[in-house]
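Notes follow the structure.
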Amino acid sequence: MASPRLSGLFADRYLIERELGHGATAVVYLAHDNKQNREIALKVLSKDLAHALGPERFLREIQVTARLHHPHILPIFDSGEWDGMLYYVMPFVRGESLREKIDRESQLPIEECVRITCEVADALSHAHAQDIVHRDVKPENIMLSDGHALLADFGIARSLGVHTGERLTSSGLIVGTSAYMSPEQAAGEENIDARSDVYSLACVLYEMIAGVQAFTGPTTQSVIAQRFKHTPRPVSTYRPQVPEYIDDVLANALTISPADRYKSVRKFSSDLARSDETIRDRRRSPLRRTIYGRQKAFGFGAAAIVLVSAAAVIANPPGHWSSPFTRGAALDSTKYVVIPFGAGGQVSSRDFEAATGIHRALAKWSGITLADPATITDAVRAQPEMKIDDALDLARKQGAGKLIRVNASLDATLYSVDTRTVITDVSRSDLKDDATAFPTAVTALLSLPGAPKSAESGAGRTTSVTAWRAYGNAHAALARWDLAGARDKFKMAVASDPSFTAARVWSATVAEWIAPRADSGSWQDDAIRSSIAVASLAPRDADLALGLGAMARGDYVHACESYRRVVLADSLDFAGWYGLGECQARDKSVLRSRVSARGRVFRSSSRAALDAYSHAFRLEPRAYDLASLQELQRLFPIAANRLRSGYSTEPPRSIFVAYPSIDHDTLAFLLFPFAELSTHTPPATRNQAIAANLNTLLAFVANWVRSAPKSAKGYEAYAEILEARGEIGESHTALPSASAAVARAIQLSADSVQRMRLAATEFRLRVKRGELPRAQLLADSLLGAVKSNNTDIEEELAGVAALSGRLHISESYVGAFLGSFGTTVPPKVREAANVLLAHALLGDCGPAFKNALANFDRSLQSYVAETDRERVRMSMSSRAMGMSAPCTNNASVLAITGGSDRWIKMEQAAARGEFARVRAMFDTLAIKRRSLLPTDLSPDFTYQEAWVRSAIGDTAGAIKQLDLTLGALPSIPAATLRDPGGAAGLVRAMMLRADLAQKTGDHSIASRYASAVAILWTSADSELQPQVARMKAIASGH
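This is the structure in C-alpha cells:
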C-alpha cells in the first residue's frame, strides 16, 4: 500500500506545509510545530510498514532510540500514532543530504570524505555502546548542516530489527538499502551487530571518493548478489591520487565475512584518520592484488583502435612493495615515460620504433611532459628483458606519474606509476592508414577512461590534454543528463583550446538547451563561430553547428535543413530532432499565400514542431524538462485572449496575428494585421480549436509525466493543462488529479520559486473547488513565508494576495501587471500608482484610498512635467478610477478624460443618467460576444459591468451576468486569477452577488457568497475589514 499523502493539521499539533520526500516505507513532511513554534520534519510510516511493526512495538523501540544524545545524531523530538498512522518527529535541517551533495559533485575531496565518515562513525559508536545498530546507513540518512554530518533515522531502523525472529522479509519489506547492505544483512541473518554498520559506512565512504557505488548492477538482486562473491575494486581505480592506506582501510571494512572485518566502527574511523605512514607498512590487501576484467571497448572507426578502461592491477612477488622506488618519491602526474617491450621479453628494433612513434605523437600534445627518450633507451638496452615491475620502477626514478609500454604491433598500455594499475589498453587490429596510427593510438591512450561513444567526434581535433579530458568529461556528464555540468566542462575544453571547435559547438548546443531564450551572447556567439569552422568537425557535428548557427542568426529555414540532415543520417539522434523542433517553433515568419483565405500563412507548422519535440523526447525522456509549455501554448493557443503572432518577411515588417480555428478537422490560423485586431471577430470554430489544442497539449503533458515520472516541471505542466480544461476534481484515469500533480511537483522540486508557484496553484485550485477554509490557511502560510522585495515570485503571488484581501502585499505586486496599461514614468509616480490601483481593485472605500489618490496626484505634480501630466494620469490611473467608481459615487470615472475603454464609457454614461445609452452599449456588446464563454471575460470586468447594470436598475441582468461567471469558476483561466485585477474582481463579484441576493430576498445565495468572502478575507488587512464585517452580517442573516 502506498505511503500516505497528508495536508493540514496532523496529530492536532503539526501543521503540514509540504512534502520533503518519500519512499516505499515512509513520507517525510516539512511541518510547523504549533506547540513549540518551530519547523520540524515529520516522518509518517506507510500503512504496510505500520501494520507489520504494530504500534506497541514501534513506540516502545523508538523511545529507546529517542534517548540517544550525540552531536552527530539527529534527535527524535516526538513519536506516536494518529488516525492509524505511526509517525515520529525530527528537527528540520536547513542543509542538504549527503545524497544530494554526491549527486551534485560526484566525487568529494578526500579530506571531506574522511571527516564526514569519522563524524558518522562517532555517532554510530555512541549508538553501538548502547546496543543499538542503525541497519540503514546510507547517504540519504546523512544530513549536512553547517559543514557537519548528522545521522538520521535511528528510529525506524531500531524498530525494524531489534527482536530476534521478527523479520519482515515475508511481507516484502527489507531492512536496509541494497547498495549499502552488509552481506549478512542481505542474507537476512538475525544477529546483526556493529560490524554491519561498519560495512554500510564503508560503502558510503567508497561512493563519496569514487563517485560510483561500490557495487552496481541492473537490478537490486544483482547488486546484492555481488557482495557475496567478491569485494569491490580498489577505490583508487577511480581516484588514482587516493592514498594507498585508504584502499587498505576500505578492504578491511568491506570483507565478505564479518569475522574478517573491523570489529568496531571506532577502529575503522581511527585507522581512516591515521596518516598513511602508520598503515602503509601493513601487508598489502588482497583487494589491491585482484585482477578485474576489462570494461566495454571504445572504438575509433576505421582506425580500429580498441580502448579498454581497466582496473587491472599488477600481481607482484611477495615483498616487492618494500622496493625503495615505491615509496617516498614525488611523482608528476603529467609526466610520461614510453618504454618498448617485445615478444618473449626480447625488445626488437621495431619495438623501439613503435616507442619512438608514440613518443613523437605525445610530444605534440600540450599539458604533458615526457621523460628523456635517450635515458629510457639506455635503460632498456641495459636490461632487455625488463619486466613490468622494473619498468614502473624506472618510471618512478624519472619522477613520472604515467608509464606507456608499447610493442611493434602497437599494443600499448598506460599505467599509473603511483598506484601501479592499468589505466588504459590500446590494441591494433587493422590500421589502414599507418600515417595516423600513432596519433590515433595516443588520442585513445589520453582519452577519459569510460568516455561515452559520443565523445569520439572530438578525436584528433585537439592536442590539449586538458581540453580532451574536459571534452570526455562533458560527454560523460551529458550521458548522465547533467546539463549544467556538461556545459561547464565543454566551456572548460574551449578555454583550454580555443581552436577545439567540436567542444565549442557542443558548449553552444547544451547552453541553448538550458536557456534557449537567453540574451544574445550566452550561446549565440559560440554557435555562429562554430558554424564558420565546420571544416574541422565530424559530419554530424558540422550539421549541428550549421543548424545552431543559423538559428542564432534567425535563419530558421537553413537551421531546419541542417537538422533534417542530422535525423536523415540517424533517425535516433536526439539533438537532431530537438533542433528540428526548436527551429520550427521559433520561426514566426508570415508569408504571402495564394491558397489562404486571408492571403497569408505561417511558414512553420505548429504540428510539425510538436511532432519533432515529441520524437526527441521519446528518444531521451530525461529531456522533457527542456520543454516550455508557455511556448507550446503560443503554437497551440488555449485561451480566448491568446492569439498566435508573427511577422511578415518582406519590408516593411508588419505584425500579424491569428485566432485558432478548425478547417476540415485540422488546426488552422486565419491571419490579419495586428492593427486591425479591433475590427475582427473570432471565427465560429475558435472554441472548437481551443478544445482541440487542449486535447493536444494534454496528450503531450500526459506522456511527459509517464516518461519522466520524477519531473517536477512535467507534473506542473500536467496540472496547468488539467486546470485549463476545468478538470480540478478527482482523477478518473491512472494519471493524477490536478491537485495530486501539484503535490507531486512540490515534492520533486528543488527550486524555491517553482515551489512557491506550485503552492499558489494549489491555493487557486482549492478556491475553485470551494475548499475555502483550507485555501485561506494556505494563503496565510504562503504569504507569511515570502520575504520582502522578492521580485522572483511577485507575479505568482499577486493573485493570492488579492484573493485573500492582503492589501499591502498587493501594493507591492500589482506593479508587475500595471506595465501593460501605462507608459514610461518616474519610479515614484509608478510606486504611487501601484498603491492606488491596489486599493481600487480591492474595493477600499475608506481614508486609505483617499490618501492613495492624493499621494498619486502629488507624485504627478512633483515628477511629471505639466505638458505630460494628464497623459500620464490617464494611462496610470484609468483602471483604478474605473474600479473605484462604487466607492466615489462615480466621481472617479467622471474625472477621466479621453480614452476608449468601453467599461469607463459605460460607467460615465451611467453616472450622467444616460441609461438608454448604457443599454444600447450592452446590446452591442452582446452581439460581439456571441462566440465568447463567460470565463473569457475577466471577473473584474464582469464586476464592473454588473455594477453598472445594477446602477441603471437592471438588477436581473446584473445577477445573470454575475451567475454566469461565478458558476463557471472552475474554468476561469489560471492567468486571469494570477492577475490581481482578476483575483480581486472575483471577490468583489461575490460581494456584489451577495448584496443583490439580499436585496431580492434570496437569503440562501446571499449567505453563500457572503460567507465565501468572509472566509477568503479572514486575514484581510484592516482597511478591508469593514467589508468583511458587512459580509459576515449578511451571512448570518442580518
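When we follow my numbering, the leftmost residue of the sequence shown carries the number 1, and every step to the right adds one.
The beta-carbon is built from N, C-alpha and C at its ideal position, and this holds for glycine as well.
Counting only runs of at least 4 residues, the region 108-154 fully encloses the following alpha helix (DSSP H) elements, listed from N- to C-terminal order: 110-128. Segment contact: the region 980-1000 against the region 841-853, three or more CB-CB distances shorter than 8 Å; contact assigned. Excluding residues up to 5 positions away in sequence, His359 lie with their Cβ nearer than 6 Å to the Cβ of Pro373 in the same chain. For Ala833, DSSP records no beta bridge to any residue. Rounded to whole angstroms, the separation of the alpha carbons of Ile638 and Thr25 is 41 Å. Rounded to the nearest angstrom, the Cβ distance from Tyr556 to Asp587 is 4 Å, consistent with a contact under 8 Å. With distances taken between CA atoms, Leu765 lies nearest to Glu730 out of Glu730, Gly646, Leu124 and Asp389.
Val223 carries a helical assignment under DSSP once its states are collapsed to helix, strand and coil. Within the region 336-416, the runs of alpha helix (DSSP H) at least 4 residues long that lie entirely inside it are, in chain order, 349-363, 373-382 and 388-397.
Under DSSP, the beta-bridge partners assigned to His22 are Val27. Judged by their CB atoms, Pro183 and Ile110 are not nearer to each other than the 7 Å cut-off. Gly576 places its beta carbon 7 Å or farther from that of Ala609. Comparing alpha-carbon positions, the option among Thr1018, Lys828, Gln185 and Val510 lying closest to Gly805 turns out to be Thr1018. It is roughly 36 Å from the alpha-carbon of Trp523 to the alpha-carbon of Ala437. Look at Thr424 here: in three-state DSSP terms it is strand.
Collapsing the DSSP output to three states places Arg38 in a strand. Per DSSP, the continuous alpha helix (DSSP H) segment holding Val494 begins and ends at Leu483 to Ser496. Listed in chain order, the non-local C-beta contacts of Gly458 below 6 Å within the same chain comprise Tyr471 and Ala502, local neighbours out to five positions each way being set aside. DSSP assignment within the region 839-893 yields the following whole alpha helix (DSSP H) runs of 4 residues or more, N-terminal first: 847-863, 866-883 and 885-888.
Here DSSP, grouped into helix, strand and coil, assigns Val64 to helix. Between Phe941 and Gly846, the alpha-carbon positions lie close to 22 Å from each other. Using a Cβ-Cβ distance cut-off of 8 Å, the region 489-502 and the region 531-549 are in contact, since at least three pairs of beta carbons, one from each stretch, lie closer than that value. Residue environment analysis places Ala956 among the exposed positions, since fewer than 16 neighbouring C-beta atoms fall within 10 angstroms of its C-beta.
If you check the CB distance, Leu201 and Ile142 do not come in under 7 Å. In this chain, Arg594 is not harboured by any beta strand (DSSP E), its DSSP state being neither H nor E. DSSP places Tyr180 outside both helix and strand once states are collapsed to three, so it counts as coil. Going by DSSP, Val742 is part of the alpha helix (DSSP H) stretching over Ala738 to Leu748. Taking a C-beta distance under 7 Å as the contact criterion, Ala444 and Val426 qualify as a contact pair.
Per DSSP, Val767 is one residue of the alpha helix (DSSP H) stretching across Ser752 to Arg769.
Every alpha helix (DSSP H) stretch that sits fully inside the region 518-571 and reaches 4 residues is listed by chain position as 524-532, 539-552 and 556-569. Secondary structure within the region 971-1007: not one fully enclosed beta strand (DSSP E) run of 3 or more consecutive residues is present.
Bounds of the beta strand (DSSP E) holding Pro660 are Ile655 to Asp663.
Around the Cβ of Tyr563, a 10 Å sphere holds 16 or more other Cβ atoms; the residue is buried. With a cut-off of 8 Å on Cβ pairs, the region 910-928 is not in contact with the region 866-881, counting fewer than three such pairs. Burial state of Trp82 is exposed, judged by a 10 Å Cβ sphere holding fewer than 16 other Cβ atoms.
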